[in-house]
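J.: Each residue of the sequence shown is one higher than the one before, counting from 16 in this note's numbering.
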Amino acid sequence: MSAIAQMIDPVADVEQELTDGFHLVIDALKLNGIDTIYGVPGIPITDLGRMAQAEGIRVVSFRHEQNAGNAAAIAGFLTKKPGICLTVSAPGFLNGLTALANATTNCFPMILISGSSEREIVDLQQGDYEEMDQLAIAKPLCKAAFRVLHAADIGIGVARAIRAAVSGRPGGVYLDLPAKLFSQVMDAEAGAKSLVKVIDAAPAQLPAPSAVKRALDVLKAAKRPLIILGKGAAYSQADEEIRTFVEKSGIPFLPMSMAKGILPDTHPQSAGAARSTVLKDADVVLLVGARLNWLLSHGKGKTWGDAPKKFIQIDIEPKEMDSNVEIVAPLVGDIGSCISALLAGIDGSWQAPSTEWTGAINARKEANIAKMAPKLMKNSAPMDFHSALGALRTVIKERPDAILVNEGANTLDLARGIIDMYEPRKRLDVGTWGVMGIGMGFAVGAAVETGKPVLAVEGDSAFGFSGMEVETICRYNLPVCIVIFNNNGIYRGTDTDPTGRDPGTTVFVKDSRYDKMMEAFGGVGVHVTTPDELKRAVDKAMDSGVPTLINAAIDPAAGSESGNIGSLNPQSVVKKKS
Ligand code: ADP
Ligand code: MG
Numbered sequence: 016m017s018a019i020a021q022m023i024d025p026v027a028d029v030e031q032e033l034t035d036g037f038h039l040v041i042d043a044l045k046l047n048g049i050d051t052i053y054g055v056p057g058i059p060i061t062d063l064g065r066m067a068q069a070e071g072i073r074v075v076s077f078r079h080e081q082n083a084g085n086a087a088a089i090a091g092f093l094t095k096k097p098g099i100c101l102t103v104s105a106p107g108f109l110n111g112l113t114a115l116a117n118a119t120t121n122c123f124p125m126i127l128i129s130g131s132s133e134r135e136i137v138d139l140q141q142g143d144y145e146e147m148d149q150l151a152i153a154k155p156l157c158k159a160a161f162r163v164l165h166a167a168d169i170g171i172g173v174a175r176a177i178r179a180a181v182s183g184r185p186g187g188v189y190l191d192l193p194a195k196l197f198s199q200v201m202d203a204e205a206g207a208k209s210l211v212k213v214i215d216a217a218p219a220q221l222p223a224p225s226a227v228k229r230a231l232d233v234l235k236a237a238k239r240p241l242i243i244l245g246k247g248a249a250y251s252q253a254d255e256e257i258r259t260f261v262e263k264s265g266i267p268f269l270p271m272s273m274a275k276g277i278l279p280d281t282h283p284q285s286a287g288a289a290r291s292t293v294l295k296d297a298d299v300v301l302l303v304g305a306r307l308n309w310l311l312s313h314g315k316g317k318t319w320g321d322a323p324k325k326f327i328q329i330d331i332e333p334k335e336m337d338s339n340v341e342i343v344a345p346l347v348g349d350i351g352s353c354i355s356a357l358l359a360g361i362d363g364s365w366q367a368p369s370t371e372w373t374g375a376i377n378a379r380k381e382a383n384i385a386k387m388a389p390k391l392m393k394n395s396a397p398m399d400f401h402s403a404l405g406a407l408r409t410v411i412k413e414r415p416d417a418i419l420v421n422e423g424a425n426t427l428d429l430a431r432g433i434i435d436m437y438e439p440r441k442r443l444d445v446g447t448w449g450v451m452g453i454g455m456g457f458a459v460g461a462a463v464e465t466g467k468p469v470l471a472v473e474g475d476s477a478f479g480f481s482g483m484e485v486e487t488i489c490r491y492n493l494p495v496c497i498v499i500f501n502n503n504g505i506y507r508g509t510d511t512d513p514t515g516r517d518p519g520t521t522v523f524v525k526d527s528r529y530d531k532m533m534e535a536f537g538g539v540g541v542h543v544t545t546p547d548e549l550k551r552a553v554d555k556a557m558d559s560g561v562p563t564l565i566n567a568a569i570d571p572a573a574g575s576e577s578g579n580i581g582s583l584n585p586q587s588v589v590k591k592k593s
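#1: Return yes when the C-beta of Gly320 is under 6 Å from any heavy atom of ligand 2, and no when it is not.
#2: Within the present structure, is the beta-carbon of Glu335 separated from the nearest heavy atom of ligand 1 by less than 6 Å?
#3: For His401, does the count of other Cβ atoms within 10 angstroms reach 16, so buried, or fall short, so exposed?
#4: Between which residues of its own chain and Ala356 is the CB-CB distance below 6 Å, once the five residues before and five after are set aside?
#5: Locate the alpha helix (DSSP H) running through Gly351, then write down its first and last residues.
#6: Kindly indicate which three-state DSSP category Lys590 falls into: helix, strand or coil?
#7: Suppose you measure from the CA of His542 to the CA of Asp416; what does that come to, to the nearest Å?
#8: Using the three-state DSSP reduction, which class does Thr102 fall into: helix, strand or coil?
#9: Leaving out five residues before and five after Phe197 in sequence, what residues of the same chain have Cβ atoms less than 6 Å from its Cβ?
#10: Could you tell me which residues DSSP puts in a beta bridge with Glu473?
#11: On a CA-only basis, which of Gly54, Phe260, Ile565, Asn502 is nearest Glu534? Give me that one, please.
#12: Please classify Asp50 as buried or exposed, where buried requires at least 16 neighbouring CB atoms within 10 angstroms.
#13: Decide if Ala414 is buried, meaning its Cβ has at least 16 other Cβ atoms within 10 Å, or exposed.
#14: Cβ-heavy atom distance between Ser582 and ligand 1 below 6 Å?
#15: Where DSSP assigns a beta bridge to Gly130, which residues make up the other side?
#16: Verify the CB distance criterion: does Ile569 have a CB-CB separation below 7 Å to chain D?
#17: What runs of the beta strand (DSSP E), each 3 residues or longer, lie entirely inside the segment 515-543?
#18: How about Asn598: is its Cβ closer than 6 Å to a heavy atom in ligand 2?
#19: How long is the line joining the alpha carbons of Glu335 and Arg516, rounded to whole angstroms?
#20: If contacts are defined as beta-carbon pairs under 8 Å, then Pro124 and Pro56 qualify, I think. What distance do you get, rounded to the angstrom?
#21: Could you give the DSSP three-state label for Ala568: helix, strand or coil?
#22: Roughly how many angstroms separate the alpha carbons of Ser17 and Thr34, rounded to a whole number?
#23: For Arg73, which residues does DSSP report across the bridge?
#24: Can you tell which of Glu484, Met387, Met392, Ile434 has its C-alpha closest to the C-alpha of Val410?
#25: If you follow the beta strand (DSSP E) that Pro155 is part of, which residue opens it and which one closes it?
#26: Which residue from Asn503, Asp510, Asp475, Leu241 puts its Cα closest to that of Ile497?
#27: Of the residues Asn425, Asp510, Lys386, which one's Cα is nearest the Cα of Ala403?
#28: With hydrogens ignored, establish whether the beta-carbon of Asp475 is closer than 6 Å to any heavy atom of ligand 2.
#29: What runs of the alpha helix (DSSP H), each 4 residues or longer, lie entirely inside the segment 318-397?
#30: Identify which residue in Leu46, Ala568, Ile128, Glu32 has its Cα closest to the Cα of Ile58.
#31: With a threshold of 6 Å on Cβ separation, who are the neighbours of Ala286 within its own chain once the five nearest residues in sequence on each side are excluded?
#32: Relative to the C-alpha of Gly504, which residue among Gly519, Pro513, Arg490, Leu493 is closest?
#33: Within the same chain, show all residues whose beta-carbon is closer than 6 Å to that of Gly245, passing over the 5 residues directly before and after it, in chain order.
#34: Please list, in chain order, all residues of the same chain as Glu576 whose beta carbon is under 7 Å from its beta carbon, the five residues on each side excluded.
#35: Taking the straight line between their C-alpha atoms, what separation do you get for Arg73 and Asn82?
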């Protein structure tokens with residue numbers, strides 16, 4: 016407990032120990048087990064960062080708040096503790112807001128703490144330094160938003176922010192701390208008493224026995240059952256329960272992107288390589304921490320075939336049920352509790368799915384895997400996406416505890432299918448929004464939180480959104496290896512300006528050497544043109560733990576428009592007469 020010893024009343028000659036807003040915020044975070052802050056320093060929170068570091072909190076300073084926010088968000092996903100992002104007022108706050116909104120959309124717990132300007136001046140719009148009503152702006156973009164005006168309320172403010180972030184469906188929380196608060200002084204003992212240690216921040220939520228029975232009845236009557244694991248399942252850390260349930264039930268499973276690895280992609284029950292078949296043909300689908308949003312075609316339409324389907328859904332958020340289609344057996348509760356309850360129902364009377372169903376899936380899987388195999392083994396120059404990803408697939412197979420960060424268009428879509436994952440929470444990607452720009456923030460957050468080697472597989476465009484953080488990676492000497500799939504542009508590197516005046520709208524400087532960026536900050540830069548060279552360079556980086564950026568030259572003509580989601584990108588059919 017830190018405090019300022021000060022004589023406040025020399026006449027009475029009473030020595031009173033004092034504390035202030037800065038110290039109370041730090042003490043409140045520490046009391047609640049927060050050991051890391053991600054942020055960008057500046058007015059009015061410069062000293063808060065300095066003092067937090069001095070008090071033993073790890074403070075990781077970024078070059079842009081969005082990346083600090085993304086690091087905090089992924090820290091939340093990996094640890095189930097809210098990741099903290101600290102920013103300056105107005106512009107810094109707004110930069111952090113993208114990450115806060117993205118965290119909320121993805122159900123990652125994080126707290127954006129921003130300094131703000133003088134309330135009296137902001138509310139009268141008298142033009143303060145970085146004037147902005149930040150609380151009002153943050154509110155619709157996060158789960159909860161709070162402002163603390165009195166030092167005595169800091170303990171409660173931090174406690175509410177933590178509980179709001181991690182309880183129920185996790186999400187982003189905004190905490191507004193006006194500049195004046197930091198220098199408010201109060202009695203140290205009263206200050207210490209005002210702090211709150213949050214008890215049972217994310218309480219278990221048990222499903223009702225009748226809901227469990229309903230779900231088991233539907234599951235038992237299924238002929239072609241399927242389990243879909245989502246990132247909520249990965250977040251819940253109920254790894255053992257989920258694995259046991261899947262294996263005891265014998266039901267095939269399909270992992271969503273960030274749920275890959277809860278059970279290995281090479282597991283005999285994995286239906287990953289037969290995705291379209293199982294979605295079309297299953298008659299009962301058990302969703303475990305996965306929403307029926309656009310990533311699952313809203314549970315209807317061509318993707319899901321004509322056969323009638325019944326959905327069972329496990330989710331901690333009751334309002335998620337029936338969001339897109341009828342859920343015949345809603346199981347509201349935390350995933351660990353719900354899966355344990357279902358597991359108790361897998362008794363002697365349980366019948367594993369028919370070999371007709373599992374056999375059909377296996378046949379499709381094997382056919383798809385055999386079709387893909389030769390594409391992954393080509394040692395060509397220039398590389399295409401498949402041959403380069405074939406090399407990285409082997410890297411992860413040999414280093415299953417490494418964390419894979421992945422963004423881009425083709426780089427993302429193809430890596431998701433090609434690179435098998437073996438352990439939970441090792442694949443971190445663009446999530447629910449399919450957002451670009453998470454790369455370096457996630458890489459830093461993952462390295463700091465886990466201490467494991469990180470492999471960031473980045474499209475050249477995607478990398479650009481957070482590329483300046485290579486300096487941060489070098490400064491903190493983090494074991495991050497970045498591989499840039501450099502195809503000279505967005506989707507492809509071959510577009511031109513029909514008028515001949517400028518470069519095409521989707522192309523970058525041809526044959527850029529991103530590897531030189533890393534060298535500028537003392538890291539290792541490597542330029543590779545074949546899958547063999549790529550594999551060697553990644554292995555070396557991961558063995559050494561030295562920050563490395565590998566510029567992988569990819570055929571500029573190899574990509575397809577918008578990757579796998581080209582159908583979402585409207586294209587004009589009107590031909591203009593010239
Ligand atoms: P994916 O994109 O992988 O399908 P989503 O983000 O769509 O995953 O869905 C995750 C779901 O998991 C959300 O609806 C969220 O409410 C839920 N969830 C998150 N944590 C838990 C938990 N501990 N228990 C139950 N449900 C959870
Ligand atoms: Mg590209």
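Virtual Cβ for every residue (Gly too), placed ideally from N, Cα, C.
T.: Put simply:
#1: no
#2: yes
#3: buried
#4: Pro222, Val227
#5: 350-359
#6: coil
#7: 26 Å
#8: strand
#9: Gly36, Phe37
#10: Glu422, Ile499
#11: Ile565
#12: exposed
#13: As written in the sequence, residue 414 is Arg, which differs from the Ala given in the question. Under this definition Arg414 is a buried residue.
#14: no
#15: Leu192
#16: Reference to chain D is not applicable here, since this structure consists of a single protein chain.
#17: 539-543
#18: With the chain represented from 16 up to 593, any question about residue 598 goes unanswered, as that position is not in the structure.
#19: 50 Å
#20: Rounded, the Cβ-Cβ distance is 24 Å, inconsistent with contact.
#21: strand
#22: Low confidence applies to Ser17: its pLDDT is 46, below 50, so where it sits in the model is not reliable enough to give any reading.
#23: Thr51
#24: Ile434
#25: First-last for Pro155: undefined, no H or E at that position.
#26: Asp475
#27: Asn425
#28: yes
#29: 350-359, 370-392
#30: Ile128
#31: Pro267, Leu269, Val293, Ile376
#32: Gly519
#33: Met271, Ala274, Gly304, Ala305
#34: Tyr506, Asn584
#35: 17 Å
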